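Novice:
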Amino acid sequence: MTRRVILITGAARGIGRAIADVLAPDHDLAITYKTAAEDAAVFCQQHPQTLALQADLRSADPTALIASVIARFGRLDGLVNSAGLISAEPPPDAFDMALAQDILHVNALAPMALISAALPHLPRGGAIVNITSINARFPPASAPVYGASKAALENLTIGCAKALGPRSIRVNAVAPGAIERDYAPRSAEMIKRFTDETALSRLAQLDEVAQAVRFLLSDAASGITGTVLPVSAGFRL
1 MTRRVILITG AARGIGRAIA DVLAPDHDLA ITYKTAAEDA AVFCQQHPQT
51 LALQADLRSA DPTALIASVI ARFGRLDGLV NSAGLISAEP PPDAFDMALA
101 QDILHVNALA PMALISAALP HLPRGGAIVN ITSINARFPP ASAPVYGASK
151 AALENLTIGC AKALGPRSIR VNAVAPGAIE RDYAPRSAEM IKRFTDETAL
201 SRLAQLDEVA QAVRFLLSDA ASGITGTVLP VSAGFRL
């Protein structure tokens, strides 16, 4: 069976890395990273078929990224827009336009640009998965622009699903909640605050997010498009 080729942005660490770990055994992967070159190199040592591309999505040329994938593998079957930018935001009365533009660009405009660049190469049956956030529905007071950027990505997901349905290209999103993680540990107080608001009384797991993405990329999800799937342990049900 031909191994599907998937491009995953922001896959050297965090959610993107978890997605890459889940897909690598039976997919050929291209991954992007911004600064985590060592982490990307370790992944490539573990999975030698992987193509790692350095890319700052604030300025990267999406057409060039897709061209690199095609040059290496000769095809592209799916795209996972996992790279994201979250940063400490000033209060509304000290709004930082440059920071807001960076957040919106990386989290919404760059994924749309990559989708556009990928479309000439995606076959019928191709799949796109965008990583959004529960903050699209529950924007924090400390990061309103981030919440807005993820809400924009959810709307782009649904709009693209409508537009690309006639081409049998599916577009979905996964919206993680607070994630149990070792790369940026949370305080016990913060963990309790999150878990108290979940139906399962725990944080979501990285692997749970990754498995949701794997499902949406697969033929098992062939009838699913335009869906935003929360993986949040039942946050604020």
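Note that UniProt numbering gives residue 136 to position 136 of the sequence shown, counting from 1, and the numbers run on in steps of one.
Note that the Cβ used here is the ideal one computed from N, Cα and C, for glycine as well.
None of the values given here were measured: they were computed from a predicted structure.
Apart from the five residues on each side of it in sequence, which residues of its chain come closer than 6 Å, Cβ to Cβ, to Val5?
Specialist: By one-based count along the sequence shown, residue 5 stands at place 5. So the qualifying residues of the chain are Asp28, Phe73, Arg75, Leu76 and Asp77.
Novice: Between the region 140-148 and the region 160-169, can you find at least three pairs of beta-carbon atoms closer than 8 Å?
Specialist: no
Novice: Along the chain, where does the alpha helix (DSSP H) containing Leu164 start, and where does it finish?
Specialist: Along the sequence shown, one-based indexing puts residue 164 at 164. That run of the alpha helix (DSSP H) goes Pro144 to Leu164.
Novice: As a quick exercise: from Val80, Ala141 and Val42, pick the residue whose alpha carbon is nearest that of Ala110.
Specialist: Numbered from 1 along the sequence shown, position 110 holds the residue referred to as residue 110. Closest by alpha carbon: Val80.
Novice: Would you give the residue range spanned by the beta strand (DSSP E) that Asp28 belongs to?
Specialist: The sequence position of residue 28 within the sequence shown is 28, counting from 1. Asp28 -> beta strand (DSSP E) spans His27 to Tyr33.
Novice: Could you check where the alpha helix (DSSP H) with Ala212 kicks off and where it finishes?
Specialist: Looking up residue 212 in the sequence shown gives position 212. Note, Ala212: alpha helix (DSSP H), Leu206 to Leu217.
Novice: Buried or exposed: which applies to Gly10, given that a residue is buried once 16 or more other Cβ atoms fall within 10 Å of its Cβ?
Specialist: Residue 10 sits at position 10 when you count from the first residue of the sequence shown. Answer is buried; the Cβ neighbour count reaches 16.
Novice: Check whether the Cβ atoms of Gly177 and Ala204 lie closer than 8 Å to each other.
Specialist: To locate residue 177, count along the sequence shown from 1; it is residue 177. To locate residue 204, count along the sequence shown from 1; it is residue 204. Yes, Cβ-Cβ distance for Gly177 and Ala204 is below 8 Å.
Novice: Taking a contact to mean a Cβ-Cβ separation below 8 Å, would you say Ile131 touches Phe235 in this structure?
Specialist: Numbered from its first residue, the sequence shown carries residue 131 at position 131. Numbered from its first residue, the sequence shown carries residue 235 at position 235. Going by C-beta atoms, Ile131 is not nearer than 8 Å to Phe235.
Novice: For the region 39-48 and the region 87-95, state whether three or more C-beta atom pairs, one from each stretch, are separated by less than 8 Å.
Specialist: No, they do not touch.
Novice: When you compare the CB positions of Ile179 and Val209, do they come within less than 8 Å of one another, or not?
Specialist: As a first step, residue 179 must be located in the sequence shown, where it is residue number 179. As a first step, residue 209 must be located in the sequence shown, where it is residue number 209. It is a contact, given that the beta carbons lie within the stated cut-off.
Novice: Does the Cβ of Pro90 have 16 or more other Cβ atoms within 10 Å, making it buried, or fewer, making it exposed?
Specialist: As a working note, residue 90 is residue 90 in the sequence shown. By the 10 Å Cβ count, Pro90 comes out exposed.
Novice: Taking only beta-carbon positions, decide if Ile179 is within less than 8 Å of chain D.
Specialist: In the structure shown, chain D cannot be found, because there is only a single protein chain.
Novice: By the 10 Å Cβ neighbour count, where 16 or more other Cβ atoms means buried, how is Lys150 classified, buried or exposed?
Specialist: Along the sequence shown, one-based indexing puts residue 150 at 150. The residue in question, Lys150, is buried, as its Cβ has 16 or more Cβ neighbours within 10 Å.
Novice: Starting from Gly78, trace the beta strand (DSSP E) both ways and give me its first and last residue.
Specialist: Mapped onto the sequence shown, residue 78 falls at position 78. Looking at the DSSP string, the run of the beta strand (DSSP E) that includes Gly78 is Gly78 to Asn81.
Novice: Looking only at DSSP bridge pairs, what is Asn172 linked to?
Specialist: To locate residue 172, count along the sequence shown from 1; it is residue 172. The partner list for Asn172 (beta bridge, DSSP) reads Val129.
Novice: Leaving out five residues on either side along the sequence, give the residues of the same chain with a beta carbon under 6 Å from the beta carbon of Leu200.
Specialist: Residue 200 sits at position 200 when you count from the first residue of the sequence shown. Taking Leu200 as the centre and dropping the five residues before and after it, the same chain places the C-beta of Ala233 and Gly234 closer than 6 Å to its C-beta, in chain order.
Novice: Measure from the alpha carbon of Arg181 to the alpha carbon of each residue in Ala108, Gly14 and Leu7, then state which is nearest.
Specialist: Mapped onto the sequence shown, residue 181 falls at position 181. Nearest option by C-alpha distance: Gly14.
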